Every structure is written in structure tokens, then in C-alpha cells.
Amino acid sequence: MNVSRIAIAGGVAASAVVLLAGTASAHVSVQPQGAAAKGGYATVNFKVPNERDNASTVKLEVSFPADHPLASVSPQPVAGWKIDVTKSKLAKPLDVHGKKINEAVSKVTWTAEGDGIKAGFFQQFPLSVGQLPEDADQLVFKALQTYSNKEVVRWIEEPTEGGEEPENPAPVLALTAPVEGAHGAAADDKKDDHAAEAKEKTAATETASSSNSDSTARVLGIVGIVVGVAGVAFGVLAGRRRTAA
Numbered sequence: 004m005n006v007s008r009i010a011i012a013g014g015v016a017a018s019a020v021v022l023l024a025g026t027a028s029a030h031v032s033v034q035p036q037g038a039a040a041k042g043g044y045a046t047v048n049f050k051v052p053n054e055r056d057n058a059s060t061v062k063l064e065v066s067f068p069a070d071h072p073l074a075s076v077s078p079q080p081v082a083g084w085k086i087d088v089t090k091s092k093l094a095k096p097l098d099v100h101g102k103k104i105n106e107a108v109s110k111v112t113w114t115a116e117g118d119g120i121k122a123g124f125f126q127q128f129p130l131s132v133g134q135l136p137e138d139a140d141q142l143v144f145k146a147l148q149t150y151s152n153k154e155v156v157r158w159i160e161e162p163t164e165g166g167e168e169p170e171n172p173a174p175v176l177a178l179t180a181p182v183e184g185a186h187g188a189a190a191d192d193k194k195d196d197h198a199a200e201a202k203e204k205t206a207a208t209e210t211a212s213s214s215n216s217d218s219t220a221r222v223l224g225i226v227g228i229v230v231g232v233a234g235v236a237f238g239v240l241a242g243r244r245r246t247a248a
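To convert, take the position in the sequence shown, counting from 1, and add 3; that gives this note's numbering.
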């Protein structure tokens, strides 16, 4: 009897642990498609699971870090969702490819135009972002998840190094080491294009020169033949005159 009670208690405890672990891990998160390299550009997905059995997720608001503003933020259309991009003035302008940027995206909001994310489902919201900072190892995005019953879950707690995961952790994008030559990729492409154009022009010039040389040689050859024929005719005519005399 005691063994049965212990077994039942153990099963209930194990179930509770699994349930709590599932609940803790089911939060709004952000993952890159591939790598999010420092100083580069990346496509990231904000993954939003629905954690309620009696309501749907109908809105997601993602705030961007003010200490590392991103000059370029482009959302990908998501069927059934309206997207609003909010920009704010920067206290210190950004220098991007030699151009001064005075404002940056501070928040992106997705609002469901239909049922939203139903219970037992999740949705991904893609963004193209950059230029990622070179002086940071991660970017923290604070998010608000709104349900159809008006409940708002605030995923805004920043994790601490070596500490336990917060109850409502903010999405964190880990940045990888910079890719060598990534900054000058566009410039290198232009250089390659210019080099290719120069080679094409050189080849065209050489072809034209070769064609002109061939044409000149043909003309000179024809002139030489004509002169030769004329000389032979003149010699024959002169010989006939001498014979007649």
C-alpha cells in the first residue's frame, strides 16, 4: 500500500515537472536564419507559441534595443496579420555606409486580422535586420503578447549571466563572430564588375585592332597585285613597241 502511494506521488511529481518545464520553455523567442554575425545583416524569426487553452494570440509587439539601434529593419508579410513599423529619432545619428541616419525602428507590431494564433499552435514573424553591432554579443528585444481575452503577457525580463531563467524572459538574439570581408562585399562586387567591364573593353579593342590590321593587310595586298599587273602590262606593251620599231 505504501509502495503504491509512493509510486502515485512520484508519477504526479514527474508530471508536474514536465508540465512546468513545458510552460517555462514556451515563450516568445528570436532565432536567426543561419548566423547573425556582428557587423552584418541577418534574417530573424520571432517565434510566438500560444500558451492559453481558452484564447488566441492576436497581437505581438516587439521593441528594439535603444542602445544598439538598427538602421535597417524590413518585415516579411505574414498572411492574416497587419504590420506596423514605428520609427524614433536617434539621440546620436548612425553612420551607415557614409550616410547619416537620424532615425531607426523602435518597434514592430503584428496585429491579427483574423483568429490569430489558436491554442496548440505557434507563428513565426520574420524580419530582415542590420547592420548588427560589432561591440555587442547579443541583442535583447522586449515583447508584449496580447490574447483575444485582453490578457497581455510581458516578455521583458532580461536574463542574467549565470542566473536562472526569468519567468517571462525577453527574446535574446545571440551574435556570432564577424565574417571577414562582409563589410566590403558590395564594394568587392562592384570592383569585380568594373574589372569585367575593363576586360570586355580591352578584348573588344584588341578585336577591333586585329580586324583593322587584317583589313589594312588585305587592301595593301590588293594594291600590290594591281600594281604588279600594271607593271607586267606596261612591260609587254613596251616590248611590242620596240619590236614594231
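Note that CB positions come from ideal geometry on N, CA and C, so glycine has one too.
Keep in mind that this is a model prediction, so the values were computed, not measured.
Terminal residues of the beta strand (DSSP E) in which residue i lies
i: phenylalanine 128; result: 125-133
i: arginine 157; result: 155-158
i: threonine 112; result: 102-115
i: leucine 176; result: 175-177
i: phenylalanine 67; result: Unbroken run through phenylalanine 67: none, as it is neither H nor E.
i: serine 151; result: Careful: serine 151 lies outside any beta strand (DSSP E) and carries neither H nor E.
i: phenylalanine 49; result: 45-52
i: glutamine 141; result: 141-143
Beta-carbon gap between residue i and residue j smaller than 9 Å
i: glutamate 170; j: glutamate 154; result: no
i: glycine 83; j: glycine 123; result: no
i: glycine 43; j: leucine 147; result: no
Through-space distance from residue j to residue i, alpha-carbon basis
i: glutamate 64; j: lysine 92; result: 19 Å
i: phenylalanine 67; j: valine 111; result: 8 Å
i: phenylalanine 128; j: alanine 139; result: 24 Å
i: asparagine 264; j: alanine 107; result: This structure cannot settle anything about residue 264, because the visible part of the chain is limited to 4 through 248.
i: leucine 130; j: threonine 46; result: 6 Å
i: isoleucine 120; j: proline 80; result: 16 Å
i: alanine 38; j: aspartate 56; result: 34 Å
i: alanine 69; j: alanine 58; result: 32 Å
i: threonine 163; j: proline 172; result: 10 Å
i: valine 156; j: threonine 149; result: 6 Å
i: glycine 101; j: valine 76; result: 18 Å
i: valine 33; j: serine 151; result: 23 Å
i: glutamate 137; j: threonine 60; result: 35 Å
i: glutamine 36; j: glycine 165; result: 26 Å
Supposed contact pair residue j and residue i - C-beta distance, whole angstroms, cut 8 Å
i: valine 182; j: alanine 40; result: 5 Å
i: leucine 73; j: valine 132; result: 5 Å
i: threonine 114; j: lysine 50; result: About 18 Å; that fails the 8 Å criterion.
6 Å Cβ shell around residue i - same chain, five flanking residues per side excluded
i: serine 109; result: Phe67, Thr89 and Ser91
i: lysine 85; result: Thr114 and Glu116
i: valine 175; result: Gln141 and Val143
i: aspartate 87; result: Thr112
i: asparagine 48; result: Gln34, Gln127 and Pro129
Same chain, Cβ closer than 8 Å to residue i, five either side skipped, listed in chain order
i: threonine 26; result: Note that threonine 26 scores 40 on pLDDT, short of 50, meaning its location in the model is unreliable and no value can be drawn from it.
i: isoleucine 104; result: Ala74, Leu93, Pro96, Leu97 and Asp98
i: alanine 180; result: Ala40 and Lys41
i: tryptophan 158; result: His30, Val31, Lys145, Ala146, Leu147, Gln148, Asn171, Pro172, Ala173 and Pro174
Cβ shell of residue i (< 7 Å), same chain only, five flanking positions each side left out
i: glutamine 126; result: Val51 and Ile120
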